[in-house]
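Here the structure is laid out as structure tokens; the discussion comes afterwards.
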Amino acid sequence: DIQMTQSPASLSASLGETVTIECRASEDIYNGLAWYQQKPGKSPQLLIYNANSLHTGVPSRFSGSGSGTQYSLKINSLQSEDVASYFCQQYYDYPLYTFGAGTKLELK
Amino acid sequence: QVQLKESGPGLVQPSQTLSLTCTVSGFSLTSYHVHWVRQPPGKGLEWMGVMWSDGDTSYNSALKSRLSISRDTSKSQVFLKMSSLQTEDTATYYCAREDSGDVYFDYWGQGVMVTVSS
């Protein structure tokens, strides 16, 4: 199985700040990566797919990048509504999806 | 609009069988694949298995011996049954729809928390 190592586990940032969350795959996943946002008590929401494509309706302050085994999610100009948990998902090894452990983003 | 909603018992005794239902609306089970994913408290997500749109199934090999996924298309429902539950199976269980043009999940249910305890 492909292992996904996500960091950091938690993150505290100020409004307007830029934050970056990273995922490292145990092998090359050829951009087969998605990022999700999950607010407490809510369903996960797709943000980014194919490593760098913004899902419909997602604010442009979210962006994804990376290749090979290293990927990142960047949030520019942090807003209060961005407080949530974020996790990555690889789907290169379809359908044996594996996920990162998640990052909990809080306001400082 | 597209919705998925999980339902089932919140508490299951060890060694018993878990039965969950995912009721979908806004799309057809014969056109989209529906997956089951779970998340133990404080841990990461684990893919469990999938009901393919053609009615076939695939399972995570780690769970395959205990897991069964089925569906009733007339009721727009996908079912999960997992036997021989242990405390390690305590988790929030989600169903999720796979995007039609790609393989990520475009919609998820809100999840149902299942506790395995006597």
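For the record, the sequence lines run as chains A and B.
The first sequence begins at 484 in my numbering and counts up one residue at a time.
The second sequence begins at 359 in my numbering and counts up one residue at a time.
We put the beta carbon where it would ideally sit given N, CA and C, even for glycine.
Who are residue i's beta bridge partners in DSSP?
i              : result
residue 439(B) : 377(B), 426(B)
residue 396(B) : 404(B), 451(B)
residue 507(A) : 488(A), 553(A)
residue 365(B) : 379(B)
residue 518(A) : 531(A), 571(A)
residue 545(A) : 558(A)
residue 463(B) : 456(B)
residue 564(A) : None, per the DSSP bridge assignment.
Mind listing the chain B neighbours of residue i? Cutoff is C-beta to C-beta under 7 Å, in chain order.
i              : result
residue 527(A) : 466
residue 517(A) : 462
Check the Cβ of residue i against every Cβ in chain A and list those closer than 9 Å, keeping chain order.
i              : result
residue 402(B) : 487, 489, 570, 581, 582, 583, 584, 585
residue 313(B) : With chain B running from 359 to 476 in the structure shown, residue 313(B) is simply not present.
residue 408(B) : 578
Below 8 Å between beta carbons: does that hold for residue i and residue j?
i              : j              : result
residue 551(A) : residue 576(A) : no
residue 396(B) : residue 452(B) : yes
residue 443(B) : residue 369(B) : no
residue 448(B) : residue 473(B) : yes
residue 445(B) : residue 475(B) : yes
residue 567(A) : residue 521(A) : yes
residue 362(B) : residue 455(B) : yes
residue 554(A) : residue 519(A) : no
residue 392(B) : residue 436(B) : yes
Which residues in the same chain as residue i place their Cβ atom closer than 6 Å to its Cβ, once the five residues preceding and following it in sequence are excluded?
i              : result
residue 574(A) : 515, 580
residue 584(A) : 489
Apart from the five residues just before and just after residue i, which ones in its own chain have a Cβ nearer than 8 Å to its Cβ?
i              : result
residue 433(B) : 381
Judging by CA-CA distance, which residue of the options is the nearest neighbour of residue i?
i              : options                        : result
residue 386(B) : 373(B), 461(B), 360(B)         : 360(B)
residue 506(A) : 517(A), 527(A), 563(A)         : 517(A)
residue 441(B) : 435(B), 421(B), 458(B)         : 421(B)
residue 398(B) : 429(B), 417(B), 406(B)         : 406(B)
residue 389(B) : 439(B), 366(B), 459(B), 471(B) : 459(B)
residue 497(A) : 569(A), 528(A), 565(A)         : 565(A)
residue 402(B) : 486(A), 578(A), 563(A), 532(A) : 486(A)
residue 589(A) : 546(A), 509(A), 563(A), 539(A) : 563(A)
Along chain A, in chain order, which residues have C-beta atoms closer than 8 Å to that of residue i?
i              : result
residue 412(B) : Those do not exist, as residue 412(B) stays about 14 Å from chain A at its closest Cβ, beyond 8 Å.
residue 405(B) : 578, 579, 580, 581, 582
residue 416(B) : 578
List, in chain order, every chain B residue whose beta-carbon is nearer than 9 Å to that of residue i.
i              : result
residue 534(A) : Those do not exist, as residue 534(A) stays about 11 Å from chain B at its closest Cβ, beyond 9 Å.
Strictly below 7 Å CB to CB, what residues from chain A border residue i?
i              : result
residue 463(B) : 529
What residues in its chain sit with their C-beta under 7 Å from that of residue i, if we drop five residues either side in the sequence?
i              : result
residue 373(B) : 442, 443
residue 428(B) : 437
Listing by chain order, which chain B residues have their CB less than 8 Å from the CB of residue i?
i              : result
residue 513(A) : Residues of chain B passing the Cβ test: none, with the nearest at roughly 12 Å.
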